[in-house]
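Residue 350 in this note's numbering sits at position 90 of the sequence shown; the count goes up by one each step and never skips.
Report on one structure; see the data block that follows.
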Amino acid sequence: MSAHRRRYRRALTGLLPALVLGALVPGRAAAAPAVVRLDGAAFGYAAQIEVRDLPAAEGERAAQAAFAALAAAEADLAPDGPLAALTARAGEAVELPPPLFGLLARTLDFCLWSDGRIGPLGGELYALWGLHAPARARPTAARLEAAAASAACDRLQLDPAHGRATLSPGSRIESWGFALGWAVDRAGTALADAGVTNARVALGGVLLGIGPGPDGRGWEVAGLRFPGQAEPLTPVYLRDRALALVTPEDRQLQIAGDRYAPYLDLQTGRPAGGAVAVLAASPLGLDAQALAVAMFIAGPRQGQFLLGSLRPPPAVLWLLGSGEGEPLLESSRWSDLRAR
């Protein structure tokens, strides 16, 4: 059993005694599970949570708790949230709430694994390219070089024993490319705490499928069709897995009339290109989104090399091309997600 599955089933231990006692009381019948779907938004993206294995009232409370977790994640990453203190107090050791410390630790792992292509320190680079506010002109080579240096993995030091992080002066935290997956994981934890074992959490381009789904095959992802494709992709199924999708149109960078994909190679400081879309699946939403971004940047040749070191191996699909013709599909373990 995967660590992710254990995580989402740990709440069952406390729930079982109540179920057993309820069965022993004469005249008490357990309420039938209902399908509960709640829609909302977080981080500026549409969100939906579906719960399938609890009575209606309990399922609605669980879904509301999951939405509260999404809102808490968004607040933690807001410009005036607790993570912003790390940049404001650069050079000092700053104690962070456990969820935020965990986010930084995991994203720093991805920084080291990807040889610095992705990571949590791209704030200066993304500011130059206008991710959050319009950029007046393309950044110069000198500014790109300085900003890329500020994104190096070793400019963030973590102290796990005390939950503290120290950011080097001149660097800036940027959660773009990680935030949605991290928030989805927090929603999944809230569902597990409510005793949910069959649910779906969708936020922007990240989808988490918990348990067997509606028909026991997992949660279907179907109808995905990208520029240049004559037919949609073959459906895939998520069972205790998350899927993340990244495309050049997610939040396009626009400078001087030109448009760029919103994912920067932090080594070079420049936007990545060459793919219509990349999809990645892994047990955690954070990992799935980080992998999708890393594979968008690295491409299939370097990406396959990087993926070889990961256990359990993730599933990745590249759709390569400009979008004006049928894209070339390359994959790693993508067939693992198809129904059997």
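Note that the Cβ used here is the ideal one computed from N, Cα and C, for glycine as well.
These numbers come from a predicted model, not from an experiment.
- prompt: Which word fits G473, buried or exposed, when buried means at least 16 other C-beta atoms lie within 10 angstroms of its C-beta?
  reply: buried
message: On the DSSP letters alone, give me the boundaries of the alpha helix (DSSP H) that W578 sits inside.
response: No alpha helix (DSSP H) holds W578; the beta strand (DSSP E) holding it covers 575-580.
message: Helix, strand or coil for L463? Go by DSSP, reduced to three states.
response: strand
- request: Please report the residue range of the beta strand (DSSP E) in which T426 lies.
  value: 424-427
Own chain, CB closer than 6 angstroms to G274, minus 5 neighbours either side, in chain order: Note that G274 scores 29 on pLDDT, short of 50, meaning its location in the model is unreliable and no value can be drawn from it.
task: Spatial neighbours of V444 within its chain, please: CB distance less than 6 angstroms, with the 5 preceding and 5 following residues excluded, ordered by chain position.
output: V461, L463, V466, L468, G545
Neighbourhood of T347 by C-beta, 6 angstroms cutoff - its chain only, sequence neighbours within 5 removed: R432, I433
task: Check each candidate in W442, S428, W436 and name the one with the smallest Cα separation from L503.
output: W442
task: Could you check which residue in C413, R321, L427 has the C-alpha nearest to that of A344?
output: L427
task: Could you check what DSSP says for S374 in three-state terms: helix, strand or coil?
output: coil
query: Short check: CB of G376 to CB of C413, under 8 angstroms?
result: yes
- request: Have a look at G287 and E320 and give me their C-alpha separation to the nearest angstrom.
  value: Because G287 sits at a pLDDT of 44, beneath the cut-off of 50, its placement in the model cannot be relied upon, and the point is left open.
- prompt: Excluding sequence positions up to five away, which residues of its chain have a Cβ less than 8 angstroms from the Cβ of R593?
  reply: P573, P574, A575, V576
message: Based on DSSP bridge pairs, tell me the residues matched to W389.
response: For W389, which the question treats as bridged, DSSP gives no partner whatsoever.
- prompt: For the beta strand (DSSP E) that R519 lies in, which residues bound it at each end?
  reply: 518-520
query: Excluding the five sequence neighbours on either side, which residues of its own chain have a C-beta within less than 7 angstroms of the C-beta of R366, listed in chain order?
result: L546
message: Quick check on DSSP: helix, strand or coil for G362?
response: helix
message: What does the Cβ neighbour count give for L404, buried or exposed, with the cut at 16 atoms within 10 Å?
response: buried
field: Collapsed DSSP secondary structure at R530 in the structure displayed
entry: strand
message: For P522 and Q514, I'd like the C-alpha separation in whole angstroms.
response: 9 angstroms
field: Inter-residue CB distance, G534 and G559 (contact presumed, cutoff 8 angstroms)
entry: 6 angstroms
Whole-Å CB distance - L416 paired with L388, under 8 angstroms assumed: Not confirmed; about 19 angstroms, so no contact.
query: Candidates G476, L440, P543: which alpha carbon is nearest R571's?
result: P543
task: Spatial neighbours of G563 within its chain, please: CB distance less than 8 angstroms, with the 5 preceding and 5 following residues excluded, ordered by chain position.
output: A554, M555, V576, W578, S592
query: Buried or exposed: D475, going by 16 or more other Cβ atoms within 10 Å of its Cβ?
result: exposed
Where the beta strand (DSSP E) containing V538 begins and where it ends: 535-542
message: I need the DSSP call for V444, collapsed to helix, strand or coil.
response: helix
- request: Identify which residue in D313, I309, P342 has its Cα closest to the Cα of A328.
  value: I309
message: Nearest by alpha-carbon distance to G379: which of R598, Q549, G581, S582 is it?
response: Q549
field: Residue of R519, Y497, F486 minimising C-alpha distance to V506
entry: F486
message: Using the three-state DSSP reduction, which class does Q489 fall into: helix, strand or coil?
response: coil
field: For Q549, the first and last residue of its enclosing alpha helix (DSSP H)
entry: 545-567
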